[in-house]
Structures are given as C-alpha cells and as structure tokens.
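S.K.: All letters in the sequence shown, in the order written, are residues 210 to 537 by the numbering used here.
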Amino acid sequence: MNSATSLLTFLIVLLGMTTARAAQPLTKVIMTSGSFSEREATMYVAQDQGFFRRYGLDLTFVTVRSGPVGMAALASGESQFHSGSATGATLGSAAEGMDLVYVAGIINKLIGNIMAAPKIKTPADLKGKFIAVTSASGGSWMFTTLALEYWGLDAKRDGITFRIMGDESVRSQALLNEAVSATHLGYTFSAPLIAKGFTNLADLSKLPIPFQSTGILTTRRFMNGNPEIVENVLRGVIDSLNFIAQPENKPAVLKSLMRGLRLKSIEQANEGYETLANIYERKIYPRVDGVHNVIRLLGQTNEKIRKLKAEDLVDDRFVKKLEKEGKF
C-alpha cells in the first residue's frame with residue numbers, strides 16, 4: 210500500500226469517527242439552583258455559549274424556589290446536580306442520609322451586601338428589626354446569620370426576626386417598600402438601592418469568614434456511576450469561567466446576565482459583571498473549612514448536622530485531574 214493510499218484510508222477512518230461522534234446524542238442532565246443573582250453567571254454564560262454541548266452534554270439549568278426544592282429534585286433523581294452553598298438545606302439533607310458531595314467550589318467565600326433601610330446606620334441598629342431571607346436556613350439566611358455572628362449579634366437574643374419572602378428581586382422590593390429593615394442581596398440587586406440612599410452595612414466578601422458558597426453538588430451514587438458526566442460538567446464550568454475572565458467577552462456576559470436575571474437595563478447587569486472577577490475562583494476546589502464552619506453554626510441546634518464531617522462532603526478528585534491537565 211503506497212503512502213497516498215495509506216493517507217486516504219486514514220482520512221476515511223478519521224471522517225467516519227468524526228461523523229459517528231457528531232451523530233451521538235447529547236446526554237441530558239439537569240442542574241438546579243435556589244439562588245437568583247450574578248453568582249449564577251457561570252451557568253448562564255455556559256448555556257449561551259454552548260460550553261456544555263462541546264462536551265456532549267445537554268444541560269438544563271433550572272432556578273427553583275429554594276434549596277430544599279433543589280435537594281428534593283436531586284434526591285428523587287429528577288436532577289443530577291445542584292449549584293448552591295453549604296446551608297441548612299444541603300447539610301440537613303446530608304444529615305438525613307442523602308449521599309451529597311461537593312465536587313467543585315465556584316465561589317468559596319461569603320459574597321454580596323447586607324443592605325438596610327437608610328435609617329439603619331450600623332449593624333447594632335438591626336436589633337429588634339425584620340430581615341428578609343429566601344428561606345429558613347437557606348443561603349440568604351446563612352449569609353446574614355454569619356454576618357450577624359461576626360458583628361457580635363444574635364437573632365434570638367437581640368430580637369431580630371427573619372421573614373421568608375422569596376428571591377432577590379422580591380426581597381429588594383420589600384426593602385424598598387419598608388416591609389423589612391434589611392436583607393442580603395447580590396451586587397446586581399444592591400446597586401439600585403445604594404443609588405437611592407439605602408445603607409450598605411457590609412460587602413461580605415471583605416469579611417474573613419470561611420464559607421463554601423456557590424459550589425457544584427451531586428450524589429456519590431451518581432458521581433461514582435457517571436464520572437465522565439461529572440468531569441464534563443466541570444469542564445464546561447471552567448470554560449465558562451475562563452470566558453468570563455476575558456475583558457473582550459464582556460458584551461456577551463452582560464447579555465447572559467440580562468437574560469438570566471431578567472434585567473431591564475444594561476447598567477444593572479454591569480453592576481453584577483464588575484463583581485465577578487472578585488468572587489469567582491480560578492482553581493475550583495471545594496472548601497472543607499467553609500463546610501465545617503456551617504456545620505459548626507447549624508450544629509448548635511441540630512445534633513444530626515453536628516455529627517457530620519466536612520471531609521465526607523467534599524470530593525476534589527475531578528478538580529485535581531483537570532488541574533493536572535492544565536485546565537486552570
């Protein structure tokens with residue numbers, strides 16, 4: 210067989226492999242999130258740019274009402290992943306026997322602002338007031354409670370009442386209408402309130418509080434049975450983070466934020482965009498000490514959560530593999 214024939218044969222085989230690969234159906238997976246803020250930009254951008262599809266995944270990202278809804282979907286098999294923080298919902302589910310595990314950490318610290326009415330000037334002014342949260346022991350409750358603890362405040366002792374009111378758009382409106390005195394908000398929804406003279410008590414990202422914020426959760430059963438899917442989800446996430454980090458991609462990221470958060474103005478989307486460089490991790494390792502800090506807090510009133518070990522809720526094998534490949 211001469212070299213020309215060999216080359217032709219090779220090209221025919223390669224074409225056949227490429228065609229077969231292209232013909233393979235995408236694997237459908239669902240990821241939920243109980244959050245609705247610029248934190249989810251990674252997922253919005255990944256979907257819009259087709260980063261999951263390049264790894265053979267048809268990933269649907271669904272915003273649910275709260276963390277417990279996301280945990281229920283994961284437990285029932287209706288979803289395969291959840292994007293969320295270490296909260297009462299996630300740790301409570303683990304404490305009840307659900308084999309949850311963090312396989313990545315996209316944001317590994319507290320973020321967002323504790324926004325308050327204009328008459329609230331210091332954290333101490335929150336005593337006796339109402340604070341809006343998404344759900345009991347959910348992400349906004351957790352962020353707020355850890356901030357209160359940092360300031361030496363205790364909700365029960367200091368007469369602070371949490372009101373369950375929904376996502377950030379609902380809570381920001383409640384604060385604007387003086388239905389509550391404060392709430393935790395992401396940077397996108399904080400900006401209009403700051404412009405109107407509302408008090409920003411703290412940018413939580415600047416407080417030294419260990420925390421596992423937005424991470425990728427799945428079950429050990431799914432992870433062990435479908436390692437390629439888990440790995441490919443993380444590949445798509447990393448591609449999205451790298452895309453967001455490039456300044457020339459700002460218009461596309463703003464478009465994704467506006468679509469994902471249903472924003473009406475480019476200015477509001479820009480507020481969220483400007484924070485992304487400071488909150489996202491380059492190396493997406495889940496944070497054991499951040500999970501441990503939440504176990505400590507919730508374990509004060511929940512014996513089952515107190516018995517959890519943070520190390521059992523984190524598995525970084527996929528992140529380690531991707532780092533060795535030079536993905537980040």
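Glycine included, C-beta positions come from ideal geometry on N, C-alpha and C. It should be emphasised that the depicted structure is a prediction, and the values quoted were computed from it without experimental measurement.
Quick one: complete alpha helix (DSSP H) runs, 4+ long, within the region 452-509?
M.R.: Runs of the alpha helix (DSSP H) inside the region 452-509: 459-470, 475-488 and 497-507.
S.K.: Provide the residue span of the alpha helix (DSSP H) that contains R372, from first to last.
M.R.: Taken as a continuous stretch (DSSP letters only), R372 belongs to no alpha helix (DSSP H), being part of the beta strand (DSSP E) at T370 to I373.
S.K.: Checking 8 Å against the spacing of the C-beta atoms, do S244 and G293 come in under that value?
M.R.: Yes. Within cutoff.
S.K.: Give the C-beta separation of L507 and G297 to the nearest angstrom, bearing in mind that I take them to be a contact with Cβ-Cβ under 8 Å.
M.R.: With a Cβ gap of about 6 Å, L507 and G297 count as contacting.
S.K.: Do the region 394-408 and the region 492-503 touch if we need at least three Cβ pairs shorter than 8 Å?
M.R.: Counting Cβ pairs under 8 Å, fewer than three are found: no touch.
S.K.: Which residues mark the beginning and the end of the alpha helix (DSSP H) in which F431 is found?
M.R.: Its alpha helix (DSSP H) spans residues R429 to G434.
S.K.: Within a Cβ cutoff of 6 Å, which residues of the same chain sit near G481, ignoring the five residues on either side of it in sequence?
M.R.: For G481, where only same-chain residues beyond five positions count, the Cβ hits under 6 Å are E247, Y396, T397 and L466.
S.K.: Over the uninterrupted beta strand (DSSP E) stretch that includes Y264, give me the two end residues.
M.R.: First-last for Y264: undefined, no H or E at that position.
S.K.: Could you compute how far the alpha carbon of V222 sits from the alpha carbon of T428?
M.R.: With a pLDDT of only 48 at V222, under the threshold of 50, the placement of this residue in the model should not be trusted, and no figure is reported.
S.K.: Do D376 and T343 have their CB atoms nearer than 8 Å?
M.R.: Going by C-beta atoms, D376 is nearer than 8 Å to T343.
S.K.: Quick check on L315: does DSSP put it in helix, strand or coil?
M.R.: Strictly speaking, residue 315 in this sequence is Ile, with Leu absent from that position. Coil at I315, not helix or strand.
S.K.: Within the region 313-400, note down every full alpha helix (DSSP H) run reaching 4 residues or more, in order along the chain.
M.R.: Here the runs fully enclosed are 348-359 and 377-385.
S.K.: Is R526 buried or exposed, if buried means 16 or more other CB atoms sit within 10 Å of its CB?
M.R.: Result: exposed.
S.K.: Mind checking which residues open and close the alpha helix (DSSP H) that includes D308?
M.R.: Counting along the chain, D308 falls outside any alpha helix (DSSP H), and DSSP gives it neither H nor E.
S.K.: Tell me whether F527 sits in a helix, a strand or coil according to DSSP, three-state version.
M.R.: Reduced to three states, the DSSP call for F527 is helix.
S.K.: Between A486 and the rest of its own chain, which residues show a CB-CB distance below 6 Å, the 5 nearest in sequence each way excluded?
M.R.: Closer than 6 Å at the Cβ level, and outside the excluded window around A486, lies no residue.
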